[in-house]
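With the first sequence counted from 1, adding 370 to any position gets you the working numbering.
Note that beta-carbon positions come from the ideal geometry of N, C-alpha and C, so glycine has one too.
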Amino acid sequence: MLPPKQNFSEWFHEVIQQAEIMDIRYPVKGLYVWRPFGFKIRQLVYSKLRELLDRDHDEVYFPTLIPETELGKEGEHIKGFEDEVFWVTHGGLEPLDVKLALRPTSETAMYPIFKLWIRSHADLPLKVYQIVNTFRYETKHTRPLIRLREITSFKEAHTAHRNYEEAEQQVREAVKLYKEFYDFLAVPYLVFRRPDWDKFPGADYTIAFDTIMPDGRTLQIGTVHHLADNFAKTFDIKYETPKGDHAYVHQTCYGISERCIAALISIHGDDLGLILPFEVAPIQIVIIPILYKGKEEKVIGLSKNLFERLKGFGYRVLLDDSDERPGAKYYKWELKGVPMRFEVGPKEAESGKVVVSFRDEKKKFEVDFDEITKEKIEEWAKNLKERLKNKAIESAKSKIKFFDSLEELADWIEKRGVGLIHLCNSTECGEEVEEKAKGSVLGRLEEIPEWLEEFEPKGACIVCGGEGYLTGVARTY
RNA sequence: GGGGCCGUAGGGUAGCCUGGUUAUCCUCCCGGCUUUGGGAGCCGGUGACCCGAGUUCAAAUCUCGGCGGCCCCA
Numbered sequence: 371m372l373p374p375k376q377n378f379s380e381w382f383h384e385v386i387q388q389a390e391i392m393d394i395r396y397p398v399k400g401l402y403v404w405r406p407f408g409f410k411i412r413q414l415v416y417s418k419l420r421e422l423l424d425r426d427h428d429e430v431y432f433p434t435l436i437p438e439t440e441l442g443k444e445g446e447h448i449k450g451f452e453d454e455v456f457w458v459t460h461g462g463l464e465p466l467d468v469k470l471a472l473r474p475t476s477e478t479a480m481y482p483i484f485k486l487w488i489r490s491h492a493d494l495p496l497k498v499y500q501i502v503n504t505f506r507y508e509t510k511h512t513r514p515l516i517r518l519r520e521i522t523s524f525k526e527a528h529t530a531h532r533n534y535e536e537a538e539q540q541v542r543e544a545v546k547l548y549k550e551f552y553d554f555l556a557v558p559y560l561v562f563r564r565p566d567w568d569k570f571p572g573a574d575y576t577i578a579f580d581t582i583m584p585d586g587r588t589l590q591i592g593t594v595h596h597l598a599d600n601f602a603k604t605f606d607i608k609y610e611t612p613k614g615d616h617a618y619v620h621q622t623c624y625g626i627s628e629r630c631i632a633a634l635i636s637i638h639g640d641d642l643g644l645i646l647p648f649e650v651a652p653i654q655i656v657i658i659p660i661l662y663k664g665k666e667e668k669v670i671g672l673s674k675n676l677f678e679r680l681k682g683f684g685y686r687v688l689l690d691d692s693d694e695r696p697g698a699k700y701y702k703w704e705l706k707g708v709p710m711r712f713e714v715g716p717k718e719a720e721s722g723k724v725v726v727s728f729r730d731e732k733k734k735f736e737v738d739f740d741e742i743t744k745e746k747i748e749e750w751a752k753n754l755k756e757r758l759k760n761k762a763i764e765s766a767k768s769k770i771k772f773f774d775s776l777e778e779l780a781d782w783i784e785k786r787g788v789g790l791i792h793l794c795n796s797t798e799c800g801e802e803v804e805e806k807a808k809g810s811v812l813g814r815l816e817e818i819p820e821w822l823e824e825f826e827p828k829g830a831c832i833v834c835g836g837e838g839y840l841t842g843v844a845r846t847y
């Protein structure tokens, strides 16, 4: 039994363990173990991410350890990370001359090598990505998949371009890519331009994807940074132009971590456990035979036929002929989010029908064995995802509201979710909002999603009355 | 950054204050019987005092340190 999803924090903590996604008992704070079932979800989700990036990026691998001398080169960058870097200080018993950092992110590992790779304009654009672990010495409350000391699944892409505009074009491409990814997972998001005080250390600006968790707090599930030529100047990454002179490259980087899986679980799950979209479910279909004494043979026979048929279509299917009673099996596979369940009992064995049930709906219905075709299943899977998407959007909508009073805003973000306000660009006004509303300024809303009602993109700043832009405020993870 | 609480089988717990028998109960797990259309029942079984030091005739229990976890405030 899970706690109700209304107690979201408890629910999340329990569902991750009971659905066998992670083992949280590893004896180091902020590090957790991926269990086989959870790791399969991870593989399926990340193979989609790979598929999207492989369209025009190359996958690479850079080392985990970064010398202190490189990590410290970019002033803003190191200031942003220095209090949360893990250091390797010894080789065996010998202290190292130059300490080695466990990468908190890989800019300073990659860019000295980019300098060697990039010689001419013909080498540009350079677009690479890697999926690696990164380390941050988090001092706040750690949480599986959400706040980690070892991020195990950081997909980071890094690109280099000829000028600011071409890099900016890449930022737009990356945003498009991430939209496609989260649409695939049926996870709704808002896209913000982070305020200057909250951008990536060393970036020109940062675009971030936030989703709204069931308790109303937002979770940052993706970021896209325009680095301009800041790092290029630090690491001396120049190229020869067609005219023969030399210019610094302009760069971008963008990342997604296993927080995407935290979002997937949290947005779709219910009181009974996970609900997974068909494409990323480790088990897509479970067959439950209902065995009565003396009638087992026919039931097992039909179940096996069905199993082979579905296997033949290429699906991940499980025939659960274990010794438990049917009810116990229903609960077990519902907990694990299996999107489709087929039941075969003595009645079906006689009639040649199969009972079908979808994870997100309570009802059951019968279909003829012969009606279960690949096309039918694809259609069911598509409809299931559509329902998940609509439900998630309805929930997101109910958690977003516009305010022109700071008191009402504070009340809303404490109890419900994201408040939208008009806010100017000044740091003072932003700080006042954060203090009075007891939340974080997420930044200017880049665009209003098509599922959300229209809001005025511009208006008087809620604090100073100056020119303000539509801005999100929320409590964050 | 400041403060508080906690650590007993795989999970959840009683016992600790007031040191002393074979460490309680539920669940999970294993074996058997029986049962199977929404978490069945009966019988039997395996499995634990976080680590280290100290006090003591004797430590799950008291003291100190370490490691780990939870909560509140900034």
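Practice problem: Starting from the C-beta of residue 433, find all residues in its chain whose C-beta is less than 7 Å away, skip the five residues before and the five after it, and write them out in chain order. | Solution: Along the first sequence, one-based indexing puts residue 433 at 63. The answer, listed in chain order, is 479.
Exercise. Given a cut-off of 7 Å, decide if residue 838 and residue 790 are closer than it, judged by their beta-carbon atoms.
Key: Position 420 of the first sequence, counted from the first residue, corresponds to residue 790. Position 468 of the first sequence, counted from the first residue, corresponds to residue 838. No, they are not a contact pair.
Practice problem: Would you mind listing the alpha helix (DSSP H) stretches within the stretch 615-650 that are 4+ residues and don't spill past its ends, in chain order? | Solution: 629-638
Quiz item: So residue 480 is in the beta strand (DSSP E); what residue range does that whole segment cover?
Solution: For the purposes of this step, residue 480 is identified with residue 110 of the first sequence, where counting begins at 1. Counting along the chain, residue 480 falls outside any beta strand (DSSP E), though it belongs to the alpha helix (DSSP H) covering 477-487.
Quiz item: Of the residues 775, 541, 783 and 550, which one's Cα is nearest the Cα of residue 576?
Solution: Here residue 576 corresponds to residue number 206 of the first sequence, with the count starting at 1. Nearest C-alpha to residue 576: 541.
Quiz prompt | Identified DSSP bridge partners for residue 583 | solution = Looking up residue 583 in the first sequence gives position 213. According to DSSP, residue 583 bridges with nothing at all.
Exercise. From the DSSP output, read off the bridge partner residues of residue 841.
Key: Position 471 of the first sequence holds residue 841. Residue 841 is bridged by DSSP to 791 and 814.
Quiz item: Beta-carbon separation of residue 657 and residue 708 under 7 Å?
Solution: Start at 1 with the first residue of the first sequence, and residue 657 comes out as number 287. Start at 1 with the first residue of the first sequence, and residue 708 comes out as number 338. Against a cut-off of 7 Å, the Cβ pair of residue 708 and residue 657 comes out as no contact.
Exercise. Please say whether residue 558 and residue 844 have beta carbons closer to each other than 7 Å?
Key: Position 474 of the first sequence holds residue 844. Position 188 of the first sequence holds residue 558. Taking 7 Å as the Cβ cut-off, residue 844 and residue 558 do not qualify as a contacting pair.
Exercise. Please work out which residues of its chain come closer than 8 Å, Cβ to Cβ, to residue 426, disregarding the five sequence neighbours upstream and downstream, and give them in chain order.
Key: Position 56 of the first sequence, counted from the first residue, corresponds to residue 426. Around residue 426: 497.
Quiz item: From residue 645 to residue 553, what does the alpha carbon distance come to, in whole angstroms?
Solution: Within the first sequence, numbered from 1, the residue matching residue 645 stands at position 275. Within the first sequence, numbered from 1, the residue matching residue 553 stands at position 183. In this structure, the alpha-carbon of residue 645 lies about 16 Å from that of residue 553.
Quiz item: Which runs of the beta strand (DSSP E) spanning at least 3 residues fall entirely within the stretch 403-473, listed in chain order?
Solution: 435-437, 457-461 and 464-472
Quiz item: Taking the C-alpha atoms as reference points, what is the distance between residue 684 and residue 525?
Solution: Counting from 1 along the first sequence, the entry for residue 684 is found at position 314. Counting from 1 along the first sequence, the entry for residue 525 is found at position 155. Looking at the two C-alpha atoms, the distance is approximately 28 Å.
Exercise. With residue 557 as the anchor, note down where its alpha helix (DSSP H) starts and where it stops.
Key: Mapped onto the first sequence, residue 557 falls at position 187. That residue, residue 557, is in no alpha helix (DSSP H); it is neither H nor E in DSSP.
Practice problem: Go ahead and pull the three-state DSSP assignment for residue 829. | Solution: Working through the first sequence from its first residue, we reach residue 829 at position 459. Of the three classes helix, strand and coil, the one that applies to residue 829 here is strand, per DSSP.
Exercise. Give me the Cβ distance between residue 591 and residue 626, rounded to the nearest whole Å; I'm assuming they're in contact under 8 Å.
Key: Looking up residue 591 in the first sequence gives position 221. Looking up residue 626 in the first sequence gives position 256. Correct: roughly 7 Å between the Cβ atoms.
Practice problem: Alpha carbon to alpha carbon, how far is residue 750 from residue 582? Give it in angstroms, no decimals. | Solution: By one-based count along the first sequence, residue 582 stands at place 212. By one-based count along the first sequence, residue 750 stands at place 380. Straight-line Cα distance between these residues: approximately 27 Å.
Quiz item: residue 595: which of 548, 753 and 440 sits nearest, CA to CA?
Solution: Start at 1 with the first residue of the first sequence, and residue 595 comes out as number 225. Nearest option by C-alpha distance: 548.
Quiz item: residue 446 and residue 468: beta carbons closer than 7 Å?
Solution: Taking the first sequence and counting its residues from 1, one reaches residue 446 at position 76. Taking the first sequence and counting its residues from 1, one reaches residue 468 at position 98. In this structure, residue 468 does not lie closer than 7 Å to residue 446 by Cβ.
Self-check item: Strand pairing of residue 501, partner residues [DSSP]
Solution: Taking the first sequence and counting its residues from 1, the one referred to as residue 501 is at position 131. Beta-bridge partners of residue 501 (DSSP): 525.
Practice problem: Confirm, please, whether the CB-CB distance from residue 505 to residue 472 is below 7 Å. | Solution: As a position in the first sequence, residue 472 is number 102, starting the count at 1. As a position in the first sequence, residue 505 is number 135, starting the count at 1. Going by C-beta atoms, residue 472 is nearer than 7 Å to residue 505.
Practice problem: Go through its chain and collect everything with a Cβ distance to residue 423's Cβ below 6 Å, but skip five positions before and after it. | Solution: Here residue 423 corresponds to residue number 53 of the first sequence, with the count starting at 1. Excluding sequence neighbours, residue 423 sits near 499.
Quiz item: Who are the near neighbours of residue 481 in its chain, counting only those whose CB is closer than 7 Å to its CB and skipping five residues on each side?
Solution: Along the first sequence, one-based indexing puts residue 481 at 111. Result list for residue 481: 601, 605 and 607, in chain order.
Self-check item: Residue closest to residue 695, alpha-carbon to alpha-carbon, out of 706, 677, 710 and 715
Solution: On the first sequence, position 325 is the one that residue 695 refers to. Comparing Cα positions, the closest option is 715.
Quiz item: residue 687 bridges to which residues according to DSSP?
Solution: Within the first sequence, residue 687 is the residue found at index 317, counting from 1. Bridge partners of residue 687: 655.
Quiz item: Between the stretch 716-723 and the stretch 658-672, do at least 3 Cβ pairs fall closer than 8 Å?
Solution: yes
Quiz item: Where does residue 541 fall in DSSP's three states?
Solution: Along the first sequence, read from residue 1 onward, the residue named residue 541 stands at position 171. Note: residue 541 maps to helix in three-state DSSP.
Quiz item: Helix or strand or just coil, what does DSSP make of residue 601?
Solution: Walking along the first sequence from the start, residue 601 turns up at place 231. Three-state result, residue 601: helix.
Quiz prompt | Distance, residue 476 Cα to residue 511 Cα | solution = Along the first sequence, read from residue 1 onward, the residue named residue 511 stands at position 141. Along the first sequence, read from residue 1 onward, the residue named residue 476 stands at position 106. In a straight line, the C-alpha of residue 511 is about 24 Å away from that of residue 476.
Quiz item: Between which two residues does the alpha helix (DSSP H) carrying residue 568 extend?
Solution: Start at 1 with the first residue of the first sequence, and residue 568 comes out as number 198. Unbroken run through residue 568: none, as it is neither H nor E.
Quiz prompt | Nearest to residue 389 (by Cα), restricted to the options 377, 378 and 405 | solution = The residue you call residue 389 lines up with position 19 of the first sequence. Taking only the C-alpha atoms, the option nearest residue 389 is 405.
Quiz item: Who are the Cβ neighbours of residue 744 in its own chain at under 7 Å, not counting the five residues just before and after it?
Solution: By one-based count along the first sequence, residue 744 stands at place 374. Excluding residues within five positions, the ones whose Cβ falls inside 7 Å are 683.
Quiz item: Got a sec, what are the start and stop residues for the beta strand (DSSP E) residue 738 sits in?
Solution: Stepping through the first sequence from its first residue, residue 738 is reached at position 368. Residue 738 -> beta strand (DSSP E) spans 734-738.
Quiz item: Of the choices 732, 409 and 518, whose alpha-carbon is the least far from that of residue 456?
Solution: To locate residue 456, count along the first sequence from 1; it is residue 86. Minimum Cα distance to residue 456 is reached at 518.
Quiz item: For residue 531, which residues does DSSP report across the bridge?
Solution: Here the question's residue 531 lines up with position 161 in the first sequence. According to DSSP, residue 531 bridges with 620.
Exercise. List the DSSP bridge partners of residue 392.
Key: In the first sequence, counting from the first residue as 1, residue 392 sits at position 22. Looking at the DSSP assignment, residue 392 forms a beta bridge with 404.
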